[in-house]
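For the sequence shown, the working numbering begins at 296 and goes up steadily by one.
Inspection log for the structure reproduced underneath, given as C-alpha cells.
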Amino acid sequence: MSFEYLEHVQDGLDRSAVLDELMKAYGRDVWNYALFLTRSRELADDIAQDVFVKVYEKLYSYRGESSVRTWLLAITRNTALDAMRSSWLRRVMLLPQRLLTSDLHPSAEREALDRELVHETWSIVLDLPAKLREVLLLSAHHGLQMKEIAQMLGVSEGTVKSRLFRAREQASRKFKQLEGESAAYGKEEWT
C-alpha cells in the first residue's frame with residue numbers, strides 16, 4: 296500500500312478515519328512484529344497500542360521517505376526496544392510461548408503435524424542471535440527490501456545482506472540437524 300492515507304490527512308481528512316484505515320491495513324503486522332521482538336503477547340498488545348497512539352500524534356510529520364509499512368515497523372521496533380529497556384522488563388524472564396495457531400485444518404493428524412512444524416520453525420528462528428533473526432523476519436515475513444531494512448535498523452545494506460545470509464545459513468543448518476535427529480529417532484523406533 297502507498298502512503299495515500301497520509302496525503303488525505305494533509306487535505307483535511309479526519310485523522311481518526313486515517314488511523315482506523317492504517318490499523319485495519321497494518322495492525323496485524325505491527326502486533327506480530329512486537330510479539331516477535333518481545334516474545335510476550337501482553338507486551339505486544341501494549342506496544343501495538345502505543346504505536347498507533349504515536350502514529351496518530353505524528354500523522355502530519357510523515358514525510359514519505361519510506362513506505363507506510365516500513366514507517367510503522369520502525370515505530371514498532373523503537374517502541375518495543377524502549378519497552379524492553381524498561382526496568383520492569385529486565386526483571387522479568389519472558390518464556391517462549393506457542394506463537395502461531397491456525398483454526399482450519401483438514402484432519403487432526405495434519406493439525407498436529409502443522410503445529411509441530413510451526414513450533415519447530417519458530418524455535419529455530421527465535422534461537423538465532425537477535426540481529427540475525429530480526430533481518431530474517433523483516434525480509435521473509437514482512438517483505439521489506441534490503442534498503443528499507445538498512446534504513447530502519449540504521450546499518451548499511453551490506454550489513455543487512457550479510458546478516459540475512461548468516462541467518463539463513465544458521466537456520467538451514469539447524470533444520471538439517473533437526474531432520475537428522477528425526478530420522479535417527481524414527482530408526483530407533485523400528486529396531
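Every residue, glycine too, gets a C-beta built ideally from N, C-alpha and C.
Continuous alpha helix (DSSP H) stretch holding Leu427: start and end: Counted as a single uninterrupted DSSP element, the alpha helix (DSSP H) harbouring Leu427 occupies residues 425-431.
Distance between Tyr351 and Ser311 (C-alpha atoms, nearest Å): Their Cα atoms are separated by approximately 8 angstroms.
Cα-Cα separation, Val325 to Ser335: Near 14 angstroms, if we compare the C-alpha coordinates of Ser335 and Val325.
The stretch 343-350 touching the stretch 444-461, judged by at least three CB pairs closer than 8 angstroms: The stretch 343-350 vs the stretch 444-461: no contact.
Neighbourhood of Glu360 by C-beta, 6 angstroms cutoff - its chain only, sequence neighbours within 5 removed: Answer for Glu360: no residue qualifies.
Own chain, CB closer than 7 angstroms to Gly449, minus 5 neighbours either side, in chain order: Within the same chain, no residue comes within 7 angstroms of Gly449 by CB-CB distance, once the 5 residues on both sides are set aside.
Ala369 vs Met441 beta-carbon contact at 8 angstroms: Contact check for Ala369 against Met441 fails: the beta carbons are separated by 8 angstroms or more.
Arg358 burial status per 10 Å Cβ neighbour count (16 or more: buried): With fewer than 16 Cβ atoms within 10 Å of its Cβ, Arg358 is classed as exposed.
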